[in-house]
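Student: Shown below is the structure under consideration.
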Amino acid sequence: MHSILQDRLPRSPWAIGPRHLLLLSALFLSLFLGTGEALAHAVTEGDKGYIQEISGVNLLPFMYLGAKHMMTGYDHLLFLFGVIFFLYRLSHIGLYVSLFALGHSTTMILGVYFNVGINSYLIDAIIGLSVVYKALDNLGAFQRWLGFQPDTRAATLVFGLFHGFGLATKILEYEISPDGLVPNLLAFNVGVEIGQLLALAAILIAMGHWRRTPGFARHAYTANVAMMSAGFVLVGMQLTGYFVS
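The letter at position 163 of the sequence shown is residue 163 when you use the numbering used here, and the numbering goes up by one with no holes.
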């Protein structure tokens, strides 16, 4: 499947090599390390205060919070955008989205239940790297650099696990009551999946319209370079927040 996807990208004289990648990485990291004000996208104070005040089973509030986090999680949405960028069949989209959902649901629930969190800046930096990875994968960079194509399904599942730890870290910031923890966690996960489906529907509608235009083939390369750049920006922001916090 993936060799077909790579063939869809035009051969550009601006093709990215390792040297260009290192320069681009250094540029974004130096830019954001110099600002000194990069913060992880934390839980809003209003939501955090509300959750800390309630106890027991509260399915609807946690479903709402899960959907809200996914719909406003730009890093999750960027990765999802990259995953489906060259997927045309609904069966393929369903497979990759299911692998991503399986990954983040597993580590989110287990991470919160066993109180296993990761520094929010570091896990968000890894999530930013997942965006970079997917953009490079779409550009066919690994096949050119390494001589083989990494398993895209395995990569989607593995990065889904990291995204789940990111979700778990955010939930642990709520300091939620242990009373009704499991039902509330499941409700939060349902909300995440609802938010993911809504976001996916919007992305697919936009992508479907774009793919029908002559400009898609011409601009697919540029779009993935822009996505990779955004991933580097996210990594730089989170590493800055980690070192200055």
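Note that CB positions come from ideal geometry on N, CA and C, so glycine has one too.
Assuming ASP151 is part of the alpha helix (DSSP H), what are its boundary residues?
Tutor: Counting along the chain, ASP151 falls outside any alpha helix (DSSP H), and DSSP gives it neither H nor E.
Student: Between the Cα of GLN149 and those of TYR133, PHE162, HIS163, spot the shortest distance and give me the residue it belongs to.
Tutor: Nearest of TYR133, PHE162, HIS163 to GLN149, Cα basis: TYR133.
Student: Can you tell which of MET108, TYR50, ASN138, ALA223 has the C-alpha that lies nearest to the C-alpha of VAL190?
Tutor: The shortest Cα separation from VAL190 among MET108, TYR50, ASN138, ALA223 belongs to MET108.
Student: Check each candidate in SER120, LYS48, GLY195 and name the one with the smallest Cα separation from ALA240.
Tutor: Correcting the residue type first, residue 240 is Thr in the shown sequence and not Ala. For the residues SER120, LYS48, GLY195, the minimum Cα distance to THR240 belongs to SER120.
Student: Looking only at its own chain, which residues have a Cβ that is under 8 Å from the Cβ of LEU59, when we skip the five neighbours before and after it?
Tutor: Same-chain partners within the cutoff: PRO183, ASN184, ALA187.
Student: If you measure between the beta carbons of GLU193 and GLY66, is that distance less than 9 Å?
Tutor: In this structure, GLY66 lies closer than 9 Å to GLU193 by Cβ.
Student: Does the contact criterion of 3 or more C-beta pairs under 8 Å hold for the segment 72-91 versus the segment 222-232?
Tutor: Touching, yes, given that three or more Cβ pairs across the two stretches are closer than 8 Å.
Student: Please state if the CB of ALA101 and the CB of GLY160 are separated by a distance shorter than 9 Å.
Tutor: Yes, these two residues count as a Cβ contact at 9 Å.
Student: Does DSSP put GLY195 in a helix, a strand or coil?
Tutor: DSSP places GLY195 in helix when its eight states are reduced to three.
Student: With DSSP run on the structure shown, which of helix, strand or coil describes ARG211?
Tutor: If DSSP states are grouped into helix, strand and coil, ARG211 belongs with the helices.
Student: What residue from SER55, LEU78, LEU129 has the CA that sits closest to VAL235's CA?
Tutor: Cα-wise, what sits closest to VAL235 is LEU129.
Student: Which runs of the alpha helix (DSSP H) at least 4 residues long sit entirely within the segment 69-110? Give them in chain order.
Tutor: Listed in chain order, they are 74-84.
Student: Check this for me: beta carbons of GLY56 and ASP179, under 9 Å apart or not?
Tutor: Yes.
Student: Keeping to the same chain, check which residues put their C-beta closer than 8 Å to that of ILE54; ignore five residues upstream and five downstream.
Tutor: Only PRO61, SER177 meet the Cβ criterion.
Student: Is the distance from the Cβ of LEU146 to the Cβ of VAL225 below 9 Å?
Tutor: Cβ distance not < 9 Å, so LEU146 and VAL225 don't count as in contact.
Student: What residue range does the alpha helix (DSSP H) around ASN138 cover?
Tutor: Counting along the chain, the alpha helix (DSSP H) containing ASN138 begins and ends at 120-138.
Student: Considering only residues of the same chain and omitting the five flanking positions on each side of GLU175, which have a CB-CB separation below 7 Å?
Tutor: Counting only Cβ-Cβ distances below 7 Å, and skipping sequence neighbours, we find GLN52.
Student: Only counting the same chain, and skipping five residues up and downstream in sequence, which positions put a Cβ closer than 8 Å to that of GLY34?
Tutor: Confidence at GLY34 is low in this model, with a pLDDT of 44, below 50, so its placement is unreliable and the value that follows should be read with caution. For GLY34, where only same-chain residues beyond five positions count, there are no Cβ hits under 8 Å.
Student: Can you look up SER229 in the DSSP assignment and give me helix, strand or coil?
Tutor: Looking at SER229 - three-state DSSP - the assignment turns out to be helix.
Student: Do VAL131 and GLN252 count as a contact pair if the criterion is CB distance below 9 Å?
Tutor: Residue 252 is absent from the structure shown; the chain starts at 1 and stops at 245.
Student: Counting only the same chain and skipping the five closest in sequence on each side, list residues whose C-beta sits under 6 Å from that of LEU87.
Tutor: Closer than 6 Å at Cβ, skipping near neighbours: ILE93.
Student: Can you give the Cα-Cα distance for PHE243 and ALA168, rounded to whole angstroms?
Tutor: Going by the C-alpha atoms only, they are around 22 Å apart.
Student: Figure out for me which residue from THR156, ALA199, ALA217 has the closest Cα to the Cα of GLY73.
Tutor: With distances taken between Cα atoms, GLY73 lies closest to ALA199.
Student: Counting along the chain, where does the alpha helix (DSSP H) carrying PHE114 start and finish?
Tutor: Here PHE114 belongs to no alpha helix (DSSP H), and DSSP marks it neither H nor E.
Student: Spatial neighbours of LEU181 within its chain, please: C-beta separation below 8 Å, excluding the five flanking residues on both sides.
Tutor: Cβ within range, chain order: VAL112, TYR113.
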